[in-house]
Each structure stands twice: as C-alpha cells, then as structure tokens.
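Q:
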Amino acid sequence: MQPNFGTFVNSALQARKQLGCAKDDILDAFAALWTAERMMRGTASRIPNLPRVDSFGLSMEIVA
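Read in order, the letters of the sequence shown are residues 250 to 313 in this note's numbering.
1. Does the Cβ of I275 have 16 or more other Cβ atoms within 10 Å, making it buried, or fewer, making it exposed?
2. Where do the N-terminal and C-terminal ends of the beta strand (DSSP E) with M309 fall, by residue?
3. Grab the span of the alpha helix (DSSP H) containing M288 for me, first residue to last.
4. Considering only residues of the same chain and omitting the five flanking positions on each side of A261, which have a CB-CB separation below 6 Å?
5. Taking F279 as the reference, give the member of G255, R290, N298 and K266 with the closest Cα.
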C-alpha cells in the first residue's frame, strides 16, 4: 500500500489506538480506498467475470 498512499498508512497505523481501532481495521480501510479509486478510474477487476446472484439479487463477486 506504500506506493499508493505513501506515509499515510504508517501514520494511521501509529495512531490506531487513539482512533480506537485495530491494525486490521486500518488496513481494511486502505484496501477499500484502493478499490474505490480503481473503480473510479475504471481499472478495477471483478472476480469472477460472470458472477452468480444470490437470493436477494446481489452479485456475488470480489471487486479489486
């Protein structure tokens, strides 16, 4: 994540106790941000290419 977010990741990890969250929460947030940026640029990947739909009509896929 360093190439995409520079020192922000380390800063957030160092401040996590003051923020009241665990290390994995910080990393999950940056992963979500990375994915959102890729979606906005149109460079995100979808796995699988043709996802199934669940009983609620929601697509069962991973976007990264």
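For glycine and all other residues, C-beta sits at the position ideal for the given N, C-alpha and C. Predicted, not measured: the structure shown is a model, and the values here were computed from it.
A: Answer, in terms of the structure:
1. Along the sequence shown, one-based indexing puts residue 275 at 26. By the 10 Å Cβ count, I275 comes out buried.
2. Counted from its first residue, the sequence shown places residue 309 at position 60. Counting along the chain, the beta strand (DSSP E) containing M309 begins and ends at S308 to V312.
3. Taking the sequence shown and counting its residues from 1, the one referred to as residue 288 is at position 39. Looking at the DSSP string, the run of the alpha helix (DSSP H) that includes M288 is K272 to R290.
4. Working through the sequence shown from its first residue, we reach residue 261 at position 12. Spatial neighbours of A261 in its own chain (CB-CB distance under 6 Å, excluding positions within 5 residues in sequence) are listed in chain order as I275.
5. Within the sequence shown, residue 279 is the residue found at index 30, counting from 1. The residue from G255, R290, N298 and K266 with its alpha-carbon nearest to that of F279 is G255.
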